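**Q** Got a structure here, written out as structure tokens. Questions coming.
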Amino acid sequence: MPETRYSAAINRALADAMAADESVVLFGEDVAAPGGPFAVTRGLLAKFGPLRVRDTPISEAAIAGAAAGAALSGLRPVVEIMFMDFMTFTMDALVNQAAKAHFMFGGQCSVPMVVRAPHGGGLNAGPQHSQCLEAWFAHVPGLKVVVPGNPADAYGLLRAAIDDPNPVVFVEHKGLYGSKGELPESPAPVAIGAARIARAGRDATVVTYGAAVAWSLRAADALAREGIETEVVDLRSVQPWDEATVLESVGRTRRLAIAHEAVSAFGVGAEIAACVSAKAFGRLAAPVARVGAAFMPVPFARSLERACLPGETEIAAAVRRLMAPA
Amino acid sequence: MPETRYSAAINRALADAMAADESVVLFGEDVAAPGGPFAVTRGLLAKFGPLRVRDTPISEAAIAGAAAGAALSGLRPVVEIMFMDFMTFTMDALVNQAAKAHFMFGGQCSVPMVVRAPHGGGLNAGPQHSQCLEAWFAHVPGLKVVVPGNPADAYGLLRAAIDDPNPVVFVEHKGLYGSKGELPESPAPVAIGAARIARAGRDATVVTYGAAVAWSLRAADALAREGIETEVVDLRSVQPWDEATVLESVGRTRRLAIAHEAVSAFGVGAEIAACVSAKAFGRLAAPVARVGAAFMPVPFARSLERACLPGETEIAAAVRRLMAPA
Amino acid sequence: MTQAPLLLELYRRMATIRRAEERLSKLFADGEVPGFLHLSIGQEAVPVGVCAALERGDTVASTHRGHGHALAKGMALEGFFAEIMGRASGVCAGRGGSIHVADMSIGMLGANGIVGGGLPLATGSALAHQVKGRPNVAVAFFGDGAMAEGALHECLNLARLWQLPLVFVCENNGWGEFSPHERQFAAKLAALGAAFAIPYEEADGTDVEAVAAAARRRVEPARRGEGPQILECRTPRWRGHYEGDPQKYREPSNLDAARGQDALALAAARLAAQGVDAEALGAIERAITERIEAAVAAARAAAEPDFAAAVAGVYAEARAHA
Amino acid sequence: MTQAPLLLELYRRMATIRRAEERLSKLFADGEVPGFLHLSIGQEAVPVGVCAALERGDTVASTHRGHGHALAKGMALEGFFAEIMGRASGVCAGRGGSIHVADMSIGMLGANGIVGGGLPLATGSALAHQVKGRPNVAVAFFGDGAMAEGALHECLNLARLWQLPLVFVCENNGWGEFSPHERQFAAKLAALGAAFAIPYEEADGTDVEAVAAAARRRVEPARRGEGPQILECRTPRWRGHYEGDPQKYREPSNLDAARGQDALALAAARLAAQGVDAEALGAIERAITERIEAAVAAARAAAEPDFAAAVAGVYAEARAHA
Ligand SMILES: Cc1ncc(C[n+]2csc(CCOP(=O)(O)OP(=O)(O)O)c2C)c(N)n1
Ligand SMILES: Cc1ncc(C[n+]2csc(CCOP(=O)(O)OP(=O)(O)O)c2C)c(N)n1
Ligand SMILES: [Mg+2]
Ligand SMILES: [Mg+2]
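From first to last, the protein sequence lines stand for chains A, C, P and U. Take 188 as the starting number for the first sequence in our numbering and just add one per residue. Take 188 as the starting number for the second sequence in our numbering and just add one per residue. Take 19 as the starting number for the third sequence in our numbering and just add one per residue. Take 19 as the starting number for the fourth sequence in our numbering and just add one per residue.
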């Protein structure tokens with residue numbers, strides 16, 4: 188089980204998928220010759236050649252739209268949108284074309300494409316380079332949304348996303364690229380829609396995904412020192428999301444906090460909170476808590492960004508409030 | 188109190204706002220000479236001239252972006268995006284530019300613009316002409332989202348939206364354009380963020396907005412015949428939404444259903460359900476219910492569309508379930 | 019000059035589109051067609067001429083006014099009518115309707131409710147042909163109104179950079195909805211093509227032989243790997259933007275001029291000069307009418323779409339993973 | 019030939035930008051500038067030349083590489099440094115940083131993190147000038163990489179249709195991030211301009227006098243109501259795409275060629291020929307350095323931005339309604 192960086196795991200998943208299936212192609216801004224703005228696609232041009240690995244002009248709408256068209260015509264394109272903030276330009280291609288084609292053409296075709304998009308703050312990159320917009324895509328029937336929180340999941344979920352016949356938004360986190368974790372010698376795909384118990388615990392459940400998994404695990408460590416055993420559920424995908432695993436965990440702990448980096452209001456956590464509050468009605472020991480970014484654009488200055496984005500501290504505090512006697 | 192059509196109320200609000208403030212300008216596809224695809228802007232070109240009322244080419248991204256730039260330079264543009272489905276093209280202008288400018292420039296400027304966009308199905312217009320996407324915008328700090336359900340609110344909220352220094356997505360419903368309601372001789376603006384008790388009731392609360400207000404009122408009529416007194420709260424705006432009024436109502440009825448036409452999953456109702464479930468924890472007599480469209484693109488065929496979209500029947504059924512002994 | 023048999027076949031295809039859309043107009047008026055209906059009556063020479071230059075493996079991305087593209091590419095009338103009438107037997111199972119008729123088995127990637135929406139799809143389809151080494155081209159049909167969308171610019175550029183086997187076909191009917199083209203777009207497509215060094219040709223969109231010849235001249239270099247091509251066809255808009263549009267914004271003279279350009283009449287006159295008599299055309303028309311009536315009858319008899327199947331049809335089924 | 023006093027002033031402005039960015043580079047290396055930092059060192063002649071043709075009421079929409087535009091339009095060094103260093107006294111209260119420096123009081127509508135994002139903003143600003151009857155123009159700065167975005171196409175068209183007082187200024191430094199321009203865009207801007215019948219002119223972006231003269235020739239017709247104009251300036255990229263970029267993708271010869279084009283050295287040589295001696299330039303440089311160091315010191319001494327104020331600053335305050 189060698190230690191692998193998150194970015195290297197993605198790179199390996201791309202390479203393995205391209206080796207396994209000639210239909211898999213890669214394109215995006217600076218992904219080929221320069222090896223990707225975050226060096227995630229390094230070496231793939233040399234391995235698979237310029238027919239299958241291409242730099243594009245700065246044309247996000249056409250990148251996403253061409254991916255949809257290519258998927259309709261026999262390719263399995265994996266495209267990169269350099270920052271999730273620029274997914275704004277891909278909305279029509281994704282929402283009106285890719286997401287609907289299988290359904291609205293009566294099941295004649297599928298649209299096996301993956302859009303990789305790094306989200307998240309922590310780099311002081313400011314309001315237009317830090318957003319977490321996955322809730323938009325989760326609201327769109329026909330799209331899947333995957334958010335790996337560690338290298339093994341990044342590998343396994345990307346393989347599954349590329350194999351998937353549906354358009355998948357594959358959300359990476361800029362802050363995770365350098366993080367390390369174990370990756371098996373022969374890693375397997377990870378099913379989309381299956382959460383993972385990242386840490387078992389009996390007192391409270393934290394449901395989370397992406398970079399917030401690590402924060403939640405650190406919060407759980409801190410809480411354990413106070414005698415609070417927190418179960419951490421890594422959703423791994425938010426559309427579909429693994430309701431059964433979440434309900435099972437909450438059924439045991441009777442306390443739920445949801446943690447993500449995106450703004451809380453109208454975020455992914457709202458759906459989970461609404462669903463669990465209804466389905467576990469009367470069995471919860473405390474109201475479902477939500478931890479997310481403050482309701483504001485992600486500010487630039489270090490102190491502002493730190494105050495805006497949630498982290499270990501906020502998650503631990505939320506769990507402590509769950510444990511407080513009503 | 189003359190009876191006025193919803194579309195005429197919007198037209199009058201535009202005319203009154205333009206008469207009151209020379210900075211208000213109007214542009215969009217076919218809004219000037221042809222008077223609007225739904226005839227909402229008819230007569231305004233003749234009244235205010237071609238400098239202030241303009242047809243645009245089919246360039247939604249530029250329409251929204253130019254509106255933001257114009258708002259930064261002293262105008263109060265009101266632009267029309269012909270179907271809310273085409274807001275996909277305006278996301279960058281709205282989310283990365285308009286929504287953030289006031290904040291990220293440190294409060295130097297405001298962006299007083301309104302994007303009018305009709306949403307909703309019922310016309311068998313199919314998957315790309317029927318969507319309700321307001322949840323996307325509600326998730327974006329810096330945007331306001333207004334959804335009038337009757338002619339008086341359409342007038343009053345549009346006046347307020349045009350007056351507002353922030354970018355406002357003004358969501359109309361295609362199915363409401365022909366509907367009638369009372370409009371005072373001298374109608375006043377309606378504050379954004381204040382819900383309206385559309386019908387008082389003691390047994391259950393239905394929180395709703397847009398076209399679903401009428402469905403909810405009809406459901407309440409039906410329920411009343413069964414002895415169930417339903418309070419109907421018309422949110423009128425979903426960002427901000429009137430938490431106080433909703434909590435007050437639910438505090439009395441202890442039962443809440445949320446009804447909107449958009450897909451339930453990750454929709455506006457999720458936020459309201461999450462919030463109320465937490466804040467009224469332990470005081471609810473039943474889990475919060477959500478009524479929305481089936482999780483699918485809005486299908487074309489009459490029977491499919493009817494089955495996909497919610498209505499009076501689904502709302503009444505949800506309230507009945509709220510009333511059923513646990 | 020084209021031999022009569024070919025022109026006759028082109029006539030037959032154009033007449034099929036014309037009669038099918040006339041029938042739809044009637045069905046719409048009678049309430050048998052839900053939703054919006056955009057007819058291409060008068061414009062038949064463009065899809066028929068262009069598709070005459072295509073092979074089955076070639077792909078076509080269409081527009082909201084896509085009936086002609088669908089039928090010219092080979093869509094069967096049964097699935098076509100059933101779809102537009104909202105039946106389970108429709109080519110899209112009644113989920114798409116007029117604006118979304120599609121048939122992947124013949125490379126018809128769908129009519130499209132998004133103006134300019136077909137441009138990136140065709141670009142991607144051409145990319146697939148290129149990557150897979152297929153001897154095929156993709157065609158992007160778009161209207162003059164779509165020229166103003168940024169998608170045109172991005173796709174012209176991408177197609178040229180990658181030398182994709184892609185033919186941009188503009189159906190310039192002079193109108194984008196209720197506004198004339200001149201008030202919507204300030205450039206000529208020819209000049210845009212020149213700016214990107216993409217070969218451009220204009221054809222008379224009322225003359226199916228001229229369109230077919232020009233289409234061959236554009237399709238073949240694209241097929242040979244010489245990169246994207248542009249074909250612009252001026253074509254008349256006979257009807258309103260959609261059925262029910264009273265066209266108050268339109269001068270009667272403009273409408274008259276449009277109605278004066280009749281691709282069917284022109285082809286019929288040429289056929290007559292070549293010795294194909296009215297009798298022969300009449301027989302063709304009767305056969306078309308019979309097929310259309312059969313398709314309408316079948317659609318009427320067909321089941322309503324199944325809602326449970328639609329609910330289950332949002333996602334394509336994924337392979338199972340550990 | 020320009021009189022020395024004007025060229026001297028242009029030199030002073032260019033030197034201010036150069037020294038300010040050199041200072042930022044050092045501050046960045048020292049960890050005093052958070053986030054990404056895109057420097058325009060080597061490109062100073064373009065913002066300075068263009069802004070020399072502008073008036074205070076004219077508006078400018080900028081790019082991610084916007085320091086030059088901000089300073090050339092008149093942004094004060096104090097607010098500039100404090101913003102990029104993330105202080106409460108920053109021109110954007112520390113909320114935007116380098117990629118978002120803006121000063122509405124001088125018509126600087128903001129640097130922009132979105133490639134091509136300034137194009138529609140400038141289009142709208144020009145519309146506002148036109149509607150309000152102001153004798154002003156808007157300028158859209160954009161890089162060669164931005165040419166591929168659909169926004170360019172849509173805005174060229176809209177500006178031409180409406181004859182807006184808008185000047186498109188392309189800073190063509192030959193690179194879009196890590197890829198050379200030729201691999202990103204297949205058209206020439208001149209030809210695109212011609213397609214839309216928008217007057218186009220190219221200027222040597224190393225020669226501030228040439229840029230200023232060309233900018234005047236483009237700004238004045240726009241101001242007179244003759245519609246949009248295009249100015250393209252070839253300009254060298256001396257640095258990496260952002261600070262810290264090792265530029266492995268770049269041939270040393272390409273970098274050397276860029277460094278060989280020095281707007282400041284060119285202006286200094288001309289000034290020398292006109293009798294402005296090294297002494298005089300030295301004095302200017304010393305004054306600039308002093309102002310910069312004062313601004314840096316002030317920024318260092320300034321407070322951290324206030325989070326509560328930021329939370330309260332998401333929405334502009336609305337008037338009260340019933
Ligand atoms: C993105 C988008 N914007 C606007 C519309 C509304 N709309 C439908 S057709 C049309 C006019 C299109 O004109 P053109 O491309 O010339 O095609 P034509 O109708 O003339 O065949 C418009 C504006 C749309 N469907 N999609
Ligand atoms: C919409 C969008 N896409 C991609 C990026 C990432 N990006 C930032 S700068 C840049 C290159 C821009 O090139 P150019 O316009 O030539 O400006 P230059 O950096 O050369 O000044 C890219 C791709 C972005 N910021 N915005
Ligand atoms: Mg047209
Ligand atoms: Mg550049």
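Here a beta-carbon is modelled for each residue, glycine too, at the ideal position from N, C-alpha and C. Remember, it's a predicted structure, so these values are computed and weren't measured experimentally.
(1) For the candidate residues G163/P, D263/P, R252/P and Q292/P, whose alpha-carbon lies nearest to that of A221/P?
(2) Are the CB atoms of F159/P and I117/P within a distance shorter than 8 Å?
(3) Quick one: Cα of L332/A to Cα of A215/P, how far?
(4) Taking contact to mean at least 3 C-beta pairs separated by less than 8 Å, is the region 332 to 342 of chain A in contact with the region 357 to 365 of chain A?
(5) I379/A and D351/A: beta carbons closer than 8 Å?
(6) Give me the Cβ distance between A204/A and G142/P, rounded to the nearest whole Å; I'm assuming they're in contact under 8 Å.
(7) Name all residues in chain order for which at least one heavy atom of ligand 3 lies closer than 6 Å to the residue's CB.
(8) Indicate the three-state DSSP secondary structure (helix, strand or coil) for E325/U in the structure shown.
(9) Quick one: using the 10 Å Cβ neighbour count with 16 as the cut-off for buried, is T500/C buried or exposed?
(10) Find out if the Cβ-Cβ distance for the pair G294/C, A111/U is shorter than 8 Å.
(11) Ignore the nearest five residues each way along the sequence and tell me which others in A399/C's own chain have a CB closer than 6 Å to its CB.
(12) Shorter than 7 Å, the distance from the beta carbon of V394/C to the closest heavy atom of ligand 5, or not?
(13) Roughly how far, in whole angstroms, is the beta-carbon of A204/P from the beta-carbon of L179/U, given that I think they are within contact range, below 8 Å?
(14) For F99/P, which three-state DSSP category applies?
(15) List the residues of chain C that I124/U touches, going by C-beta distances under 7 Å, in chain order.
(16) In chain order, what residues of the same chain lie with their CB nearer than 6 Å to the CB of D272/C, ignoring the 5 residues before and after it?
(17) Just to make sure I have the definition right: I need the residues of chain A whose C-beta is within less than 7 Å of the C-beta of A457/C. Which are they?
(18) Excluding sequence positions up to five away, which residues of its chain have a Cβ less than 7 Å from the Cβ of V226/U?
(19) Determine the chain U residues that contact H316/A at a beta-carbon separation under 7 Å, and present them in chain order.
(20) If you run the structure through DSSP and keep just helix, strand and coil, what is M93/U?
(21) Shorter than 8 Å from the beta carbon of K91/P to some beta carbon of chain A?
(22) Going by other Cβ atoms of all chains shown within 10 Å of its Cβ, with 16 needed for buried, is E167/P buried or exposed?
(23) Where R105/U and A488/A are concerned, what is the direct C-alpha to C-alpha distance, given to the nearest angstrom?
(24) Pull the bridge partners of Q247/U from the DSSP assignment, please.
(25) Less than 6 Å between C-beta atoms, sequence neighbours within five positions excluded: which residues of the same chain meet that for Y218/P?
(26) Using a Cβ distance threshold of 8 Å, determine whether the region 67 to 81 of chain P contacts the region 117 to 126 of chain P, with at least three qualifying pairs required.
(27) Can you name the residues that DSSP bridges to V332/A?
(28) Could you have a look at P264/A and say whether DSSP puts it in helix, strand or coil?
(29) Measure the C-alpha to C-alpha separation of A280/C and R113/U and round it to an integer number of angstroms.
(30) If I follow the unbroken beta strand (DSSP E) through L363/C, where does it start and stop?
(31) Pick out whichever of T277/A, V433/A, M291/A and F292/A has its Cα sitting closest to the Cα of A381/A.
(32) Between which two residues does the alpha helix (DSSP H) harbouring E321/C extend?
(33) Should V109/U be counted as a contact of ligand 1 given a C-beta to heavy atom distance under 7 Å?
(34) Once you ignore the five residues that flank L410/A on each side, which residues in its own chain have a CB closer than 7 Å to its CB?
(35) Between S246/C and chain P, is the shortest Cβ-Cβ distance under 8 Å, so that the two count as touching?
(36) Hey, I197/A and A341/A: beta-carbon distance below 8 Å or not?
**A** A quick look at the data gives this:
(1) In the third sequence, counting from the first residue as 1, residue 221/P sits at position 203. Of G163/P, D263/P, R252/P and Q292/P, the residue nearest in Cα terms is R252/P.
(2) Taking the first residue of the third sequence as 1, we reach residue 117/P at position 99. Taking the first residue of the third sequence as 1, we reach residue 159/P at position 141. Result no, Cβ atoms of I117/P and F159/P do not sit closer than 8 Å.
(3) Position 145 of the first sequence, counted from the first residue, corresponds to residue 332/A. Position 197 of the third sequence, counted from the first residue, corresponds to residue 215/P. One point to set straight first is that residue 332/A is Val, not Leu, in the sequence displayed. Rounded to whole angstroms, V332/A to A215/P spans 39 Å at the Cα level.
(4) yes
(5) As a position in the first sequence, residue 379/A is number 192, starting the count at 1. As a position in the first sequence, residue 351/A is number 164, starting the count at 1. Yes, the Cβ-Cβ distance between I379/A and D351/A is below 8 Å.
(6) Here the question's residue 204/A lines up with position 17 in the first sequence. Here the question's residue 142/P lines up with position 124 in the third sequence. Actually they are not in contact, since the Cβ atoms of A204/A and G142/P sit about 18 Å apart, beyond 8 Å.
(7) G161/P, D162/P, G163/P, N191/P, W193/P and G194/P
(8) Counting from 1 along the fourth sequence, the entry for residue 325/U is found at position 307. According to the sequence displayed, residue 325/U carries Phe and not Glu. Note: F325/U maps to helix in three-state DSSP.
(9) If you number the second sequence from 1, residue 500/C lands on position 313. Classification for T500/C: exposed.
(10) Within the second sequence, residue 294/C is the residue found at index 107, counting from 1. Within the fourth sequence, residue 111/U is the residue found at index 93, counting from 1. Yes, the Cβ-Cβ distance between G294/C and A111/U is below 8 Å.
(11) On the second sequence, position 212 is the one that residue 399/C refers to. Correct list, in chain order: A446, H447 and E448.
(12) With respect to small molecules bound, the structure shown includes ligand 1, ligand 2, ligand 3 and ligand 4 and not ligand 5.
(13) As a working mapping, residue 204/P is identified with position 186 in the third sequence. As a working mapping, residue 179/U is identified with position 161 in the fourth sequence. Right, their Cβ atoms sit about 5 Å apart.
(14) For this step, residue 99/P is matched to residue 81 along the third sequence. Helix at F99/P.
(15) Locating residue 124/U in the fourth sequence gives position 106, counting from the first residue. Under the 7 Å cutoff, chain C gives no residues; its nearest Cβ is about 11 Å from I124/U.
(16) Position 85 of the second sequence holds residue 272/C. Q315, H316 and Q318.
(17) Translated into positions along the second sequence, residue 457/C becomes position 270. In chain order: A457, E458 and A461.
(18) In the fourth sequence, residue 226/U corresponds to position 208, counting from 1. Closer than 7 Å at Cβ, skipping near neighbours: L28, M32, A63, V66, G67, A281 and A285.
(19) Looking up residue 316/A in the first sequence gives position 129. Here the neighbours are G131.
(20) Your numbering for residue 93/U matches position 75 in the fourth sequence. Look at M93/U here: in three-state DSSP terms it is coil, with no helix or strand label.
(21) Residue 91/P sits at position 73 when you count from the first residue of the third sequence. Cβ-Cβ to chain A under 8 Å: no for K91/P.
(22) Locating residue 167/P in the third sequence gives position 149, where the first residue counts as 1. Counting Cβ neighbours within 10 Å, E167/P comes out buried, since at least 16 surround it.
(23) The count along the fourth sequence starts at 1 and reaches residue 105/U at position 87. The count along the first sequence starts at 1 and reaches residue 488/A at position 301. Each residue's alpha carbon lies about 7 Å from the other.
(24) As a working mapping, residue 247/U is identified with position 229 in the fourth sequence. V185/U.
(25) One-based indexing of the third sequence puts residue 218/P at position 200. So the qualifying residues of the chain are A208, G211 and I248.
(26) Judged by pairs of C-beta atoms under 8 Å, the region 67 to 81 of chain P touches the region 117 to 126 of chain P, as three or more such pairs exist.
(27) Residue 332/A sits at position 145 when you count from the first residue of the first sequence. V332/A is bridged to V356/A and Q426/A.
(28) Along the first sequence, read from residue 1 onward, the residue named residue 264/A stands at position 77. P264/A falls in the strand class under three-state DSSP.
(29) What you label residue 280/C is simply residue 93 of the second sequence in a count that begins at 1. What you label residue 113/U is simply residue 95 of the fourth sequence in a count that begins at 1. Roughly 19 Å between the two C-alpha positions.
(30) Stepping through the second sequence from its first residue, residue 363/C is reached at position 176. Run containing L363/C: none; DSSP gives neither H nor E here.
(31) Indexing the first sequence from 1 puts residue 381/A at position 194. Nearest C-alpha to A381/A: V433/A.
(32) The residue given as residue 321/C occupies position 134 in the second sequence. It spans E321 to A325 - the alpha helix (DSSP H) in which E321/C sits, taken as one unbroken run.
(33) As a working note, residue 109/U is residue 91 in the fourth sequence. It does not: the Cβ of V109/U is nowhere closer than 7 Å to a heavy atom of ligand 1.
(34) Within the first sequence, residue 410/A is the residue found at index 223, counting from 1. So the list reads T417, A503 and V506, once near-sequence residues are dropped.
(35) Translated into positions along the second sequence, residue 246/C becomes position 59. Closer than 8 Å: yes.
(36) For this step, residue 197/A is matched to residue 10 along the first sequence. For this step, residue 341/A is matched to residue 154 along the first sequence. Yes. Within cutoff.
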